[in-house]
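Residue 771 in the working numbering is what sits at position 157 of the sequence shown, and the numbering runs on without skipping anything. Note that CB positions come from ideal geometry on N, CA and C, so glycine has one too.
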Amino acid sequence: MTPKYLAPSILAADFANLERDIKMVNASDADWLHVDVMDGVFVPNISFGMPVVQAITQHAKKVIDVHLMIVDPDRYIKTFAALGSTNLTVHYEACTHLHRTLQAIKAEGMKAGVALNPHTPVHLLKDVITDIDQVIIMSVNPGFGGQSFIENTYRKVRELKEIILTHNANTLIEIDGGVTDHNAKQLIESGADVLVAGSFIFKAENPTETIKTIKELIS
Ligand code: DX5
Ligand code: ZN
């Protein structure tokens with residue numbers, strides 16, 4: 615089986631103890647660190663901005679997986695590269711010239727991702743699939759942590775996997791929202807490669823052990 619990755623979402627961390635929580639992730643079995651940037655326009659919430667992202671990247675030792683939930687993300691591609699992002703994912707619904715945006719992200723040396731809201735069909739990506747390093751299928755409506763998983767996601771994962779295979783693409787399928795020990799295995803079996811988990815990890819009594827448990831479930 616190809617490697618499967620777990621990306622704790624820092625949105626659910628204790629922001630008064632950010633360094634402690636990042637160090638916990640550093641020392642854990644997690645593979646990536648998912649960083650949600652929200653602008654209060656594309657989504658009805660504001661998370662944090664550049665100074666906080668900089669503080670995160672300074673301490674984190676994992677792959678930095680930035681998920682931009684902002685309008686007109688092209689404006690900030692260079693900024694996020696300079697801040698140390700490994701992956702930069704933009705929303706399909708926020709990009710008029712998606713192909714150009716993807717090339718601009720790669721030109722800055724980052725992996726280029728596209729996120730899809732729950733109502734956006736995966737087939738809309740078929741003409742750019744070979745240009746995409748990771749697709750984030752949103753399994754909740756973006757904007758908040760701690761929401762419940764939308765069951766339709768499994769079908770979207772299977773459909774996207776088929777598109778990836780048909781086009782001989784190397785695109786990873788990432789799932790974001792409501793991921794727990796109840797759906798992790800089935801998501802991987804449906805074709806997912808990366809699972810993001812926020813509340814389930816950071817609100818757990820023992821986040822390190824919870825990370826280990828999910829990693830074992832998906833490996
Ligand atoms: C939601 C964010 C998610 C969020 C997931 O808009 O994109 O990354 O942190 O949190 P949970 O795992 O709590 O649903
Ligand atoms: Zn996210």
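| query | result |
| --- | --- |
| Proximity winner among I825, D635, L739, relative to V793 (alpha-carbon distances) | I825 |
| Residue nearest to L632 in terms of C-alpha spacing, selected from K618, I764, V667 | V667 |
| E788: first and last residue of the uninterrupted alpha helix (DSSP H) it sits in | Premise fails: E788 lies in the beta strand (DSSP E), 786-790, not in any alpha helix (DSSP H). |
| Coarse secondary structure for T767, derived from DSSP in three states | helix |
| Ordered list of alpha helix (DSSP H) runs contained in the segment 789-813, each at least 4 residues | 798-804 |
| Heavy atom of ligand 1 within 6 Å of P756 beta-carbon | yes |
| Distance between A798 and N784 (C-alpha atoms, nearest Å) | 21 Å |
| Presumed contact (8 Å Cβ cut-off) between P756 and M683, rounded CB distance | 5 Å |
| Inside the segment 661-744 only - alpha helix (DSSP H) runs reaching at least 4 residues | 664-673, 691-696, 712-721 |
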